[in-house]
Amino acid sequence: MSSDEQYDPRAVQDKWQARWAELGPFEAAEGDDARERRYALDMFPYPSGDLHMGHAEAFAIGDVVARYWFQKGFNVLHPIGWDSFGLPAENAAIKHGTHPAEWTYANIETQAASFHRYAPSFDWSRRLHTSDPEYYRWTQWLFQRFYERGLAYRKGGQVNWCPNDQTVLANEQVVGGHCERCGALVEKRVLTQWYFKITDYADRLLDDMAQLEGKWPERVLLMQRNWIGRSTGADVDFVIEGRDEPVTVYTTRPDTLYGATFMVVAADAPLAEEVCAPGQRAAFEAYREEVSRESEIERLSTEREKTGVFLGRYAVNPVNGERIPVWASDYVLAEYGHGAIMAVPAHDQRDLDFALKFGLPVRIVVETGEADPAETGAATAGDGRIVNSGPIDGLPKAEAITRITEILAGKGLGKPAVNFRLRDWLVSRQRFWGCPIPIVHCDACGEVPVPDDQLPVTLPDNLRGADLAPKGESPLSAASDWVNVDCPKCGGLAKRDTDTMDTFVDSSWYYFRYCSPGYTGGPFDVERVREWMPVDQYTGGVEHAILHLLYSRFFTKVLHDMGMVDFTEPFTRLLNQGQVILNAKAMSKSTGNLVDLGEQIAEFGVDVVRLAMLFSGPPEDDIDWADVSPHGMSKFLSRVHRIATEVSSAPGADPSKGDPELRRVTHRTVAEATTLVESHRFNVAIARLMELVTATRKAIDSGPGAADPAVREAAETIAVVLSLFAPYTADEAWELLGRTAPVTRAGWPSADPALLVQESVTCVVQVAGKVRDRLEVAPDIGADELERLALASAKITEALAGASVQRVIVRAPKIVNIVPAR
Numbered sequence: 001m002s003s004d005e006q007y008d009p010r011a012v013q014d015k016w017q018a019r020w021a022e023l024g025p026f027e028a029a030e031g032d033d034a035r036e037r038r039y040a041l042d043m044f045p046y047p048s049g050d051l052h053m054g055h056a057e058a059f060a061i062g063d064v065v066a067r068y069w070f071q072k073g074f075n076v077l078h079p080i081g082w083d084s085f086g087l088p089a090e091n092a093a094i095k096h097g098t099h100p101a102e103w104t105y106a107n108i109e110t111q112a113a114s115f116h117r118y119a120p121s122f123d124w125s126r127r128l129h130t131s132d133p134e135y136y137r138w139t140q141w142l143f144q145r146f147y148e149r150g151l152a153y154r155k156g157g158q159v160n161w162c163p164n165d166q167t168v169l170a171n172e173q174v175v176g177g178h179c180e181r182c183g184a185l186v187e188k189r190v191l192t193q194w195y196f197k198i199t200d201y202a203d204r205l206l207d208d209m210a211q212l213e214g215k216w217p218e219r220v221l222l223m224q225r226n227w228i229g230r231s232t233g234a235d236v237d238f239v240i241e242g243r244d245e246p247v248t249v250y251t252t253r254p255d256t257l258y259g260a261t262f263m264v265v266a267a268d269a270p271l272a273e274e275v276c277a278p279g280q281r282a283a284f285e286a287y288r289e290e291v292s293r294e295s296e297i298e299r300l301s302t303e304r305e306k307t308g309v310f311l312g313r314y315a316v317n318p319v320n321g322e323r324i325p326v327w328a329s330d331y332v333l334a335e336y337g338h339g340a341i342m343a344v345p346a347h348d349q350r351d352l353d354f355a356l357k358f359g360l361p362v363r364i365v366v367e368t369g370e371a372d373p374a375e376t377g378a379a380t381a382g383d384g385r386i387v388n389s390g391p392i393d394g395l396p397k398a399e400a401i402t403r404i405t406e407i408l409a410g411k412g413l414g415k416p417a418v419n420f421r422l423r424d425w426l427v428s429r430q431r432f433w434g435c436p437i438p439i440v441h442c443d444a445c446g447e448v449p450v451p452d453d454q455l456p457v458t459l460p461d462n463l464r465g466a467d468l469a470p471k472g473e474s475p476l477s478a479a480s481d482w483v484n485v486d487c488p489k490c491g492g493l494a495k496r497d498t499d500t501m502d503t504f505v506d507s508s509w510y511y512f513r514y515c516s517p518g519y520t521g522g523p524f525d526v527e528r529v530r531e532w533m534p535v536d537q538y539t540g541g542v543e544h545a546i547l548h549l550l551y552s553r554f555f556t557k558v559l560h561d562m563g564m565v566d567f568t569e570p571f572t573r574l575l576n577q578g579q580v581i582l583n584a585k586a587m588s589k590s591t592g593n594l595v596d597l598g599e600q601i602a603e604f605g606v607d608v609v610r611l612a613m614l615f616s617g618p619p620e621d622d623i624d625w626a627d628v629s630p631h632g633m634s635k636f637l638s639r640v641h642r643i644a645t646e647v648s649s650a651p652g653a654d655p656s657k658g659d660p661e662l663r664r665v666t667h668r669t670v671a672e673a674t675t676l677v678e679s680h681r682f683n684v685a686i687a688r689l690m691e692l693v694t695a696t697r698k699a700i701d702s703g704p705g706a707a708d709p710a711v712r713e714a715a716e717t718i719a720v721v722l723s724l725f726a727p728y729t730a731d732e733a734w735e736l737l738g739r740t741a742p743v744t745r746a747g748w749p750s751a752d753p754a755l756l757v758q759e760s761v762t763c764v765v766q767v768a769g770k771v772r773d774r775l776e777v778a779p780d781i782g783a784d785e786l787e788r789l790a791l792a793s794a795k796i797t798e799a800l801a802g803a804s805v806q807r808v809i810v811r812a813p814k815i816v817n818i819v820p821a822r
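Just so you know, full-length UniProt numbering puts 420 at position 420 of the sequence shown, and the rest follows in order with no gaps.
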């Protein structure tokens, strides 16, 4: 039987799972440990069934970082937990007539067993679940602190409503007008809900991104900047005839005020109803009903024909006293600015489309040299000289904005202003399986926070199945014994708040809890957080670029202001992985386009799956499993195993007495792998490792042989580097080499600088793009000398066959391309 055939990945997995369970090699040390601390964090999973291919990629990537730090001698915190509240568990409970906790914790145990098999270097002693009362007690405690600071508040107004999940959604959970979770078309409803005042932190959320430049993916920073959407301009007051209070309009271009020929109010804004003239009310209400059935993406589409209704009122343009008509339309959103805009159709395409549809005036006030928009139908949105604008005529844009804002401020008709796209975070949900909001409503006292010593407010355990079915209000409303309580302030009759919190609240602070998961004096031990945080490396999907990451940054800033942490950004570095797809399509159970992780592991073993994932490309790229070669990875690991079985020199043998060429390959591999792992180019690091395996195999078979100390040095280096990617095989190889396990504690090898100096490199010489010769040259050879050597080659002279040379392209020291004349 060959050595390749003797390698049984399943037997190796069983052996080392048991051994690691005994040793607990990955527990982070507390106390006086002198090692530098590193915090490696993976976005924690939701327990919906077993682990899938996406988990396999994400957690393999995060594990490489953690294992590398272990090898480098750091004191590493690499925890695991579950984001365990949420709708899937509740929907499963309704379907099966059970309690959500039963489904949740059963799935957690299934995933935990799969994680143990998949072998990430987790510190299992810090495991947490956000649905544990011991955890959500502190989620409620944090809610109370936000409430005390005016950052948690309840108000009525228009909200996003998912008719399928029967709950409200935050703006960030509406994608293209549809529910981010289930895809249902989102509706607008008027409800009273709980919010977190994230807008108070909008400036800091933007400005603090300077700390993340070069450390977070640029596209994530751009997505957050765009979502927060800070713009500068002016608030301008327009008097509307028949209304005592002026209407404030926000504009980024106050320099175009003289071109404002009408006003548009969001059809669903309260202002539209307020200013509508009695004679126009029927038409307005009919139009508003139409708008209520449109999604936000439909309303903002530039492709749709503009619609609207005249409200029968006129506003007064504050710069020239002109009466301009007030319209209601769907292309203005109630959430933007103050819910009304001044329309400058000559210089804004949507305003122009509206003006042309309804025959409203178009007046040019910025001279750009382009044709009249009223004739071309194309607005001139560029910068130019201001015209037809009284005191600001002839000024360029920047000066005109400053001057007109000063004029408005001097007359008490306007002022400089900053506007944000970001809206406050709607956190209440009308579902059961979430963290209860710790507020009691009393007729006498109003909103009363539940005292800290009465936390947690736990969910009732007698609701299940049909009791949880969505009815347009929280299922908790039906739990009368739970709802009806004494007011903590006056002792009178009161009712608990029956909404639960958005699960993104739970995940906005869990990484703090990992630092001291058993702590009972607060959500976390402040000193432990100071020792471990901020997180050094955070790994997870780019789909959380806005929701989770923005909310986590907000929570951290609030905790900083509370004096609980001494930093303002929670995650120093961020690494996003791509998707695992199949045949260029996203995997989906409904379409049958699916690869089952359990089946792949059963067939090939964990190490093969991990290695195939990591070798397929850079972490941020998508992996098409149809293009992956598990069989190739399996053969590679068998070669590693065979080398380990054949090394015959004793542990500790002096490698300096061994083959110098193999030693050079080994030390170059260490140097390159170090750089590649630290820059997250794991696929290239694996390729370099494969080259070392090939060189070692050659040394055994046709070189100095298995007894050479350089072969042992190479084999041990292979085991240590491989431990980042394929830990089972690496530990098995390490033990076969006579070393005590686990290999995780072996320490990262160091490269001898003297062995990194290349005595020569191979230069490829091409003629008309075809390789015709190879030259061994000095690594520092100059371009002129390399060209001379190439042209002097007998093989090149033969290939040219008498043709003259048109040009020579030299990329010293590795390539020369000779282009013959035609």
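From the three backbone atoms N, C-alpha and C, an ideal C-beta is built for every residue, glycine too. Owing to the predicted nature of the structure, the values given are computational and were not obtained by experimental measurement.
Inset, instruction - Identify the continuous alpha helix (DSSP H) that holds A417 and give its terminal residues. - result: It is not in any alpha helix (DSSP H) - A417 instead sits in the beta strand (DSSP E) that spans G414 to N419.
Legend entry - Closest residue to E102 among L575, S84 and R67 (Cα-Cα distance): S84
Legend entry - Extent of the continuous beta strand (DSSP E) to which F196 belongs: E187 to F196
Inset, instruction - Could you tell me the distance, in whole angstroms, from the CA atom of D8 to the CA atom of G747? - result: 27 Å
Legend entry - Alpha-carbon to alpha-carbon, Y728 and Q13: 6 Å
Legend entry - Nearest candidate by alpha-carbon position, reference V485, set R530, I439 and N462: I439
Legend entry - CA nearest to the CA of residue 830, picked from I581, V665 and D659: Shown here, the chain extends from 1 to 822; a query on residue 830 therefore has no answer.
Legend entry - Identified DSSP bridge partners for D624: The partner list for D624 (beta bridge, DSSP) reads I581.
Inset, instruction - Quick one: using the 10 Å Cβ neighbour count with 16 as the cut-off for buried, is P133 buried or exposed? - result: exposed
Inset, instruction - Would you check if there are 3 or more beta carbon pairs closer than 8 Å linking the segment 570-579 to the segment 528-541? - result: yes
Inset, instruction - Give every residue of the same chain whose Cβ lies closer than 6 Å to the Cβ of L755, excluding the five residues on either side of it in the sequence, and list them in chain order. - result: R663, R664 and H667
Legend entry - 3-residue-minimum beta strand (DSSP E) runs that sit fully inside the segment 513-591, ordered along the chain: 537-541, 574-577 and 580-582
Legend entry - N160, DSSP secondary structure in three states: Judged by DSSP in its simplified three-state form, N160 adopts strand.
Inset, instruction - Take the Cβ of Q173 as the centre, count every other Cβ of all protein chains shown within 10 Å, and call the residue buried at 16 or more, exposed below. - result: buried
Inset, instruction - Counting only runs of 3+ residues fully inside the segment 321-407, write out the beta strand (DSSP E) ranges in chain order. - result: If one requires a minimum length of 3 residues, the beta strand (DSSP E) runs lying completely within the segment 321-407 are 323-329 and 340-343, in chain order.
Inset, instruction - Quick one: grab the DSSP three-state call for L212. - result: coil
Inset, instruction - In the DSSP assignment, find the alpha helix (DSSP H) that holds Y68 and state where it starts and stops. - result: M53 to Q71
Inset, instruction - Reducing DSSP to helix, strand and coil, say where P655 ends up. - result: helix
Legend entry - I439 - partner residues in DSSP beta bridges: For I439, which the question treats as bridged, DSSP gives the partners P449.
Legend entry - Start and end residues, beta strand (DSSP E) containing G312: G308 to V316
Inset, instruction - Consult DSSP for S649 and reduce its assignment to one of helix, strand or coil. - result: coil
Legend entry - Continuous alpha helix (DSSP H) assignments of at least 4 residues falling wholly in the segment 654-688: 660-678
Inset, instruction - Would you kindly check if the distance between the Cβ of V765 and the Cβ of A790 is under 9 Å? - result: Note that the C-beta distance between A790 and V765 is below 9 Å.
Inset, instruction - Tell me whether N320 is buried or exposed, calling it buried when 16 or more other Cβ atoms sit within 10 Å of its Cβ. - result: Counting the other Cβ atoms within 10 Å of the Cβ of N320 gives fewer than 16, which makes it exposed.
Inset, instruction - Note down, one range per segment and in chain order, each beta strand (DSSP E) of at least 3 residues found wholly within the segment 131-183. - result: 152-162 and 167-169
Inset, instruction - Assign S2 to one of three DSSP states: helix, strand, or coil. - result: Confidence at S2 is low in this model, with a pLDDT of 45, below 50, so its placement is unreliable and no value can be given for it.
Inset, instruction - For chain B, find out if any of its Cβ atoms is closer than 9 Å to the Cβ of W141; answer yes or no. - result: Any reference to chain B falls outside this structure, which holds one protein chain only.
Legend entry - S428 - partner residues in DSSP beta bridges: M501
Inset, instruction - Could you tell me how far apart the beta carbons of V640 and L722 are, in whole angstroms, since I believe they sit closer than 8 Å? - result: The Cβ separation is near 6 Å, so the contact holds.
Legend entry - Nearest candidate by alpha-carbon position, reference D353, set R181, A378 and T98: A378
Inset, instruction - Round the Cβ separation of D773 and I796 to the nearest angstrom and send it over; I've been treating them as touching at under 8 Å. - result: The beta-carbon distance between D773 and I796, rounded to whole angstroms, is 6 Å. This is short enough to meet the 8 Å contact definition.
Inset, instruction - Going by CA-CA distance only, name the one from P820, T139, E785 and Q806 that's closest to L800. - result: P820
Inset, instruction - Please go through the same chain and pick out, in chain order, the residues whose beta-carbon is closer than 7 Å to the beta-carbon of D330, but skip the five residues on each side of it. - result: A267, V291, E294, R299 and T307
Legend entry - CB contact flag (C435, T130, <9 Å): Between C435 and T130, the C-beta spacing is below 9 Å.
Legend entry - Cα-Cα separation, P318 to V247: 11 Å
Legend entry - Neighbourhood of F636 by C-beta, 8 Å cutoff - its chain only, sequence neighbours within 5 removed: L611, M690 and V693
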